[in-house]
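J.: Take this structure first; my questions come after.
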Amino acid sequence: MMSYTVSMMPAAVMNGLMYGSIYALVALGLTLIYGVLHIINFAHGALLMLALYAAFFLYSILGIDPYLGILIVVPGSFIFGYVLYRFMIGKLAHGKDQNILLITLGLSIVFENMAMLFFSADQRTVNLSYSFETVDLGFVLLSIPKLISFFASLVICFLLWMLMSMTDLGKAIRAVAKERQGARLVGIDVDKIFAATYGIGIACLGAAGCLLLPIFYVDPYTGNLFVIIAFTIVVLGGMGSIVGALIGGFIIGITESVGGLILGESLGQIGISVIFILILMFRPNGLFGGKT
Amino acid sequence: MALLLDVKSISKSFGGLKAVSDASLSVDEGKIVSLIGPNGAGKTTLFAIISGFLGADSGRVFLNNENITGMKPHRICDKGMVRTFQITQPFASLSTLENIMVGAYKNTSLKAKAKQKATEVAELVGMTHLLNTEANSLTVAGRKRLELARALATDPKLLLLDEVMAGLNPSEIDEIVNIIKIIRDSGVTIFLIEHVMKAVVNLSDYSYVLNDGVLIAHGTPKQIANDPLVIEAYLGQGAAKAMTKNTPTKAKASKTSKKGGKS
Amino acid sequence: MAISISRWVQMGLLVLAVVLPLAIQNNFYLDVLTIIFFTAYLGQSWNILGGYAGQFSFGGVMFFGTGAYASTILWTTYGIPPIYGVFVAILAGAIVGLIVGYASFRYGLRGSYFALITLAFAEMLRIIANSLEFTGGGVGIFLNFEPSIMNLQFINARGFYYLSLGMVVISIIIAMWLERSRFGAQLIAIRENEDAAEALGINVLRSKILAIMIMGGMGGAAGTFYAQKYLYLDPPIAYSIALSVEMLLVTIVGGMGTVFGPLVGSFVLHIVTEVAKHLIESPGLSLIVYGFILILIIAYLPNGLIGLFKGLSGKRGK
């Protein structure tokens, strides 16, 4: 039994890295939304679920490979997120922290059950022509889709970093994150920036959904699985820290994979909740976070 | 005269910034003592440490000869010391009466008794007509009074007032000064942070001056007013010298403007 | 001492509720009312911590599930009748409350962070229940149908109706006690302004923990009730997020921090559900409506339906 664990360890770690890169993408959206808007987006998991379905239907109805579907889903997600914030969340919350929590909770309930209503509870997956092909690295076999997803998420994280540091929009967002009133004073339309930031966060989910679908599945409750994971990563990495989300994503991905190997499928999941609780108790700023 | 509050060598740093340096002071029972000094001198930090909201790096605080250093605020309240906040902290959606009752509940578990005590305290501070008003709707002056009343309802031995007069107009200040005197006469010792010089002079038996975290002077208000270090703390370096160099009439003018100016 | 009109109304409704089963023989309606009372009871437990003390828990189901497992295992494995087991369930719920409360409040978790950590704890318990043998793991536990008072099981719907009615009445009495007691005033003070409460001599940590323990104990009893009625328990049922949400939903809709909020909210939401079920034959629809109602209430009616009523009548209440 021990030797099985040891021999499978490299595979588990690689597996964790692969999934971790996608988790990082999910967490990036969440940490960005928190860092700029200072809200905890409880609808994050449900929105990922919607992105997964979007990728799924693009494939099953239009035959578009999910990896190409990114080009459609990401802009679509941005628009959806922008509109959702601008005309719903932003307007209804009246600025109170706990209101946003409950409103995004309400949204997640609505999305989840709409998915249930329209898509039924069946689990959906996609099987691409190369879904089962692997690459042999010598000490471990890597499935092609996982490999593609891994590199794609790294690329997207890099693109996001470039967006934030080099474009005008990115600069405006960072300004608003640092100093809301000051940004207003220099003429930045803070409400639009908020909506745009939320949109970018959801766009990250759009990308993550496309990258996740080939190596996972979707049903109306998939979002719930990722809520705790995403929040754990964000808290671990530090609220508002992009680097933290990335590193946190890898740590959690590996923890989940190795934990599952050592403790078994079901108990392995507990590692994430435990990490989450411990971080909140003893180091709420996370590894790289600033103020909470 | 019994020593009610004894603060010994309190120091506190935030990162590299030394907010309070080796501050020692004492408050005699039955007196009104004030803590004054320019903005950012560290007065509220010192208050926070004394009342248990902030931990000191070093030093100790004694209340009635009991070491209360590091005790949580609610325990310190049990021991008889209660503070108000510089920025008022009302229980927003509760009425004035309900707000004060929270303080009154410290000494009774019966609603009727708490209500009675709260009503009495409200009358003392002149808020009887505001008993059913929601705390949210009170004016600044009203909130300051509420803050005072709430703390008073706990029947404290020592009341710490943090800039209770900030934001009040002159007539409101006069009213509060009167109320504070009445409170002192009823047996409560008062230690207050204040900027309004008129109030300080009118009320205090004794004053401590804090500048840049250091206690630079202490004495009766008269003594303080003439202390060159104090003048410099408020008016800048060299001000004391400049003032003594002036002709008598000019010196008089600048002294009175100093008294009335700082608020 | 004159009894106020609202008190007469409350008495009248109680009498009505007690005699109702004599008039209505239809099991279906009795069952709907039973569920309404049950949910209101759970909502009231959430209300103690969330409505009065202002700490919003998203993991309330953890007390329910732990209590359910406690009394169920005591019965199925050790033969201890649920009428005694329910007290162990209450204790188990309170202990979970103590642990979670200490871990959260001692370390200063508030607002969204507190909500999230309760979610994590509930999830953790679900995973544990799923992995342990003596909780039946993923397969769950089947309970036998052996109606008797000792087993808290009844042949017809009427028995469960009265049991749930009793529970909700007890929960209302607890809330009433809270509103006239020092402890309740302290919880409300904590909700409004923690620092000020602490400065006025309130032991904020202890009060919060006490509140969550009450919530836990109440939740534990609800677990026993559920297990004895539905005769099956597994981790997804015992620790379902849906129940956590429903607890807070009925209270927010009805009115947080009020005595009758959870009951009113429960009635409204379940009536809406029944109506929706008649109009459109679909599983998820009622929940979609729930979600929208939550959003609308938070946005436009944060004091819930009771707040609306109080506004109309002009009284500030309390």
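Which chain is which? The protein sequence lines are A, B and C, in order. Here the first sequence is numbered in our numbering, starting from 750 and rising by one per residue. Here the second sequence is numbered in our numbering, starting from 10 and rising by one per residue. Here the third sequence is numbered in our numbering, starting from 193 and rising by one per residue. Where is the CB? At the ideal position from N, CA and C, for every residue including glycine. Just so you know, these numbers come straight off a predicted model, no measurement behind them.
1) Would you please verify whether the beta carbon of GLN125 of chain B is less than 7 angstroms from any beta carbon of chain C?
2) Going by other Cβ atoms of all chains shown within 10 Å of its Cβ, with 16 needed for buried, is ALA131 of chain B buried or exposed?
3) Check GLN95 of chain B in the structure and name its three-state DSSP category.
4) Report yes or no: is there a C-beta of chain F within less than 7 angstroms of the C-beta of ARG372 of chain C?
5) For THR416 of chain C, does the count of other Cβ atoms within 10 angstroms reach 16, so buried, or fall short, so exposed?
6) Taking CB distances under 7 angstroms as the criterion, tell me whether ALA284 of chain C reaches chain A.
7) Assuming contact is defined by CB atoms lying nearer than 7 angstroms, are SER323 of chain C and SER914 of chain A in contact in what I supplied?
8) Should SER198 of chain C go down as buried or exposed, given a rule of 16 or more other Cβ atoms within 10 Å for buried?
9) What are the partner residues of LEU811 of chain A, as DSSP defines its beta bridges?
10) Using the C-alpha atoms, what's the distance from ASN395 of chain C back to PRO82 of chain B?
11) If you drop the 5 nearest sequence neighbours on each side, which residues of the same chain put their C-beta closer than 7 angstroms to that of PRO213 of chain C?
12) Using a Cβ cut-off of 8 angstroms, pull out every chain B residue sitting near ASN385 of chain C, in sequence order please.
13) By alpha-carbon positions, which one of C:GLY204, C:TYR276, C:ILE341, C:THR450 ends up nearest to PHE501 of chain C?
14) Could you tell me which residues DSSP pairs with LEU167 of chain B in its beta bridges?
15) Give me, in chain order, the residues of the same chain whose beta-carbon lies closer than 8 angstroms to that of PRO894 of chain A; leave out the 5 immediate sequence neighbours on both sides.
16) For VAL70 of chain B, does the three-state DSSP call read helix, strand or coil?
17) Give me the chain A residues within the contact set of ALA307 of chain C, using Cβ-Cβ distance strictly less than 7 angstroms, ordered along the chain.
18) Measure the CB-CB distance between LEU423 of chain C and THR264 of chain C and report whether it falls below 7 angstroms.
19) Where do the N-terminal and C-terminal ends of the beta strand (DSSP E) with LYS941 of chain A fall, by residue?
20) Enumerate in chain order the residues of its own chain whose CB-to-CB distance from SER20 of chain B is below 8 angstroms, with the five nearest sequence positions on each side excluded.
21) Just how far apart, CA to CA, sit ILE192 of chain B and MET80 of chain B?
22) Leaving aside the five residues before and after LEU335 of chain C along the sequence, list all residues of the same chain whose C-beta is less than 8 angstroms from its C-beta, in chain order.
23) Chain A partners of MET316 of chain C, CB-CB under 8 angstroms?
24) Would you identify the three-state DSSP class for GLU325 of chain C, choosing helix, strand or coil?
25) Using Cβ-Cβ distances below 9 angstroms, what residues of the segment 79–91 of chain B are close to chain C?
26) At a CB-CB cut-off below 8 angstroms, which residues of chain A make contact with VAL437 of chain C?
27) Return the chain-ordered list of same chain residues with a C-beta closer than 6 angstroms to the C-beta of SER266 of chain B, the five sequence neighbours on each side being excluded.
28) Determine, for VAL197 of chain B, whether the minimum Cβ-Cβ distance to residues of chain C falls below 7 angstroms.
29) Chain C partners of SER118 of chain B, CB-CB under 8 angstroms?
30) Name the two residues that bound the continuous beta strand (DSSP E) containing SER990 of chain A.
31) Tell me, please, whether the CB atom of ALA245 of chain C is closer than 7 angstroms to any CB atom in chain B?
32) Do you know offhand how far LYS126 of chain B's Cα is from ALA381 of chain C's?
33) Would you list, in sequence order, the uninterrupted alpha helix (DSSP H) runs of no fewer than 4 residues that lie entirely inside the segment 74–148 of chain B?
34) Please name the residue, chosen from C:PRO454, C:VAL445, C:TYR482, that lies closest to GLY496 of chain C on a Cα-to-Cα basis.
35) Using CA atoms only, rank isn't needed, just tell me which of A:ASP940, A:GLY887, A:ILE991 is closest to GLY784 of chain A.
36) Could you spell out where the alpha helix (DSSP H) holding ILE406 of chain C opens and where it closes?
T.: So, from the data block:
1) Mapped onto the second sequence, residue 125 of chain B falls at position 116. Taking a beta-carbon distance threshold of 7 angstroms, GLN125 of chain B does not count as an interface residue toward chain C.
2) Counted from its first residue, the second sequence places residue 131 of chain B at position 122. With 16 or more other Cβ atoms from the protein chains shown falling within 10 Å of its own Cβ, ALA131 of chain B counts as buried.
3) Here residue 95 of chain B is taken as the residue at index 86 of the second sequence, counted from 1. Coil, per DSSP.
4) Among the protein chains of the structure shown, namely A, B and C, there is no chain F.
5) Here residue 416 of chain C refers to the residue found at position 224 when the third sequence is read from its first residue. Burial is judged here by how many other beta carbons sit within 10 angstroms of a residue's own beta carbon; THR416 of chain C has at least 16 and is buried.
6) Reading the third sequence from its first residue, position 92 is the one you call residue 284 of chain C. By the rule that beta-carbons nearer than 7 angstroms mark a contact, ALA284 of chain C does not touch chain A.
7) For the purposes of this step, residue 323 of chain C is taken as the residue at position 131 of the third sequence. For the purposes of this step, residue 914 of chain A is taken as the residue at position 165 of the first sequence. No, the pair does not count as a contact, with Cβ atoms beyond the cut-off.
8) One-based indexing of the third sequence puts residue 198 of chain C at position 6. Exposed is the call here.
9) As a position in the first sequence, residue 811 of chain A is number 62, starting the count at 1. The partner list for LEU811 of chain A (beta bridge, DSSP) is empty, contrary to what the question assumes.
10) The residue given as residue 82 of chain B occupies position 73 in the second sequence. The residue given as residue 395 of chain C occupies position 203 in the third sequence. So the alpha carbons of these two residues sit roughly 9 angstroms apart.
11) Position 21 of the third sequence, counted from the first residue, corresponds to residue 213 of chain C. LEU222, ARG350, TYR353, listed in sequence order.
12) By one-based count along the third sequence, residue 385 of chain C stands at place 193. Ordered by position in chain B, the residues that pass the 8 angstroms Cβ test against ASN385 of chain C are GLN98, PRO99, PHE100, ALA101.
13) Here residue 501 of chain C is taken as the residue at index 309 of the third sequence, counted from 1. Comparing C-alpha distances from PHE501 of chain C to each of C:GLY204, C:TYR276, C:ILE341, C:THR450 shows the shortest one belongs to C:THR450.
14) Taking the first residue of the second sequence as position 1, residue 167 of chain B is located at position 158. Answer by DSSP bridge pairing, in chain order: B:MET90, B:THR198.
15) As a working note, residue 894 of chain A is residue 145 in the first sequence. If we look at PRO894 of chain A and ignore the five residues flanking it on each side, its Cβ neighbours are LEU877, TYR879, SER880, PRO963, ILE964.
16) As a first step, residue 70 of chain B is located in the second sequence; it is residue number 61 there, counting from the start. In the structure shown, VAL70 of chain B adopts extended strand secondary structure according to DSSP, grouped into three states.
17) Within the third sequence, residue 307 of chain C is the residue found at index 115, counting from 1. Correct list: LEU850.
18) Here residue 423 of chain C is taken as the residue at index 231 of the third sequence, counted from 1. Here residue 264 of chain C is taken as the residue at index 72 of the third sequence, counted from 1. For LEU423 of chain C and THR264 of chain C, no; Cβs fall outside 7 angstroms.
19) Mapped onto the first sequence, residue 941 of chain A falls at position 192. No beta strand (DSSP E) holds LYS941 of chain A; the alpha helix (DSSP H) holding it covers 939–961.
20) Stepping through the second sequence from its first residue, residue 20 of chain B is reached at position 11. Around SER20 of chain B, the same chain offers LYS27, VAL29, SER30, ASP31, ALA32, ALA65, ASP66, SER67, GLY68 as residues with beta carbons nearer than 8 angstroms, after the five sequence neighbours per side are excluded.
21) In the second sequence, counting from the first residue as 1, residue 192 of chain B sits at position 183. In the second sequence, counting from the first residue as 1, residue 80 of chain B sits at position 71. Distance between the alpha carbons of ILE192 of chain B and MET80 of chain B is about 26 angstroms.
22) Along the third sequence, one-based indexing puts residue 335 of chain C at 143. Closer than 8 angstroms at the Cβ level, and outside the excluded window around LEU335 of chain C, lie THR264, TRP267, THR268, ALA419, GLN420, LEU423, TYR424, LEU425.
23) One-based indexing of the third sequence puts residue 316 of chain C at position 124. Within chain A, the residues near MET316 of chain C are ILE1019, SER1022, VAL1023, ILE1026.
24) Indexing the third sequence from 1 puts residue 325 of chain C at position 133. Looking at GLU325 of chain C - three-state DSSP - the assignment turns out to be coil, as it is neither helix nor strand.
25) Residues LYS81, PRO82, HIS83, ARG84, ILE85, CYS86, ASP87, VAL91.
26) In the third sequence, residue 437 of chain C corresponds to position 245, counting from 1. The contacting residues are LEU854, ILE858.
27) The residue given as residue 266 of chain B occupies position 257 in the second sequence. Reliability fails at SER266 of chain B, whose pLDDT of 43 lies under 50, so the model's placement of it is uncertain and the value that follows must be treated cautiously. There are no such residues.
28) The count along the second sequence starts at 1 and reaches residue 197 of chain B at position 188. It does not: the Cβ of VAL197 of chain B has no partner Cβ on chain C nearer than 7 angstroms.
29) If you number the second sequence from 1, residue 118 of chain B lands on position 109. Within 8 angstroms Cβ-Cβ: SER373, ARG374.
30) Your numbering for residue 990 of chain A matches position 241 in the first sequence. Membership of SER990 of chain A in any beta strand (DSSP E) is not indicated, and neither H nor E is assigned to it by DSSP.
31) As a working mapping, residue 245 of chain C is identified with position 53 in the third sequence. Chain B places no beta carbon closer than 7 angstroms to that of ALA245 of chain C, leaving this residue out of the contacts.
32) By 1-based counting over the second sequence, the position of residue 126 of chain B is 117. By 1-based counting over the third sequence, the position of residue 381 of chain C is 189. If I take the Cα positions, the gap works out to 17 angstroms.
33) Contiguous alpha helix (DSSP H) elements confined to the segment 74–148 of chain B occur at 82–88, 105–113, 120–133, taking only those with 4 or more residues.
34) In the third sequence, residue 496 of chain C corresponds to position 304, counting from 1. Minimum Cα distance to GLY496 of chain C is reached at C:VAL445.
35) For the purposes of this step, residue 784 of chain A is taken as residue 35 along the first sequence, with counting starting at 1. Taking only the C-alpha atoms, the option nearest GLY784 of chain A is A:ILE991.
36) For the purposes of this step, residue 406 of chain C is identified with residue 214 of the third sequence, where counting begins at 1. Note, ILE406 of chain C: alpha helix (DSSP H), 396–422.
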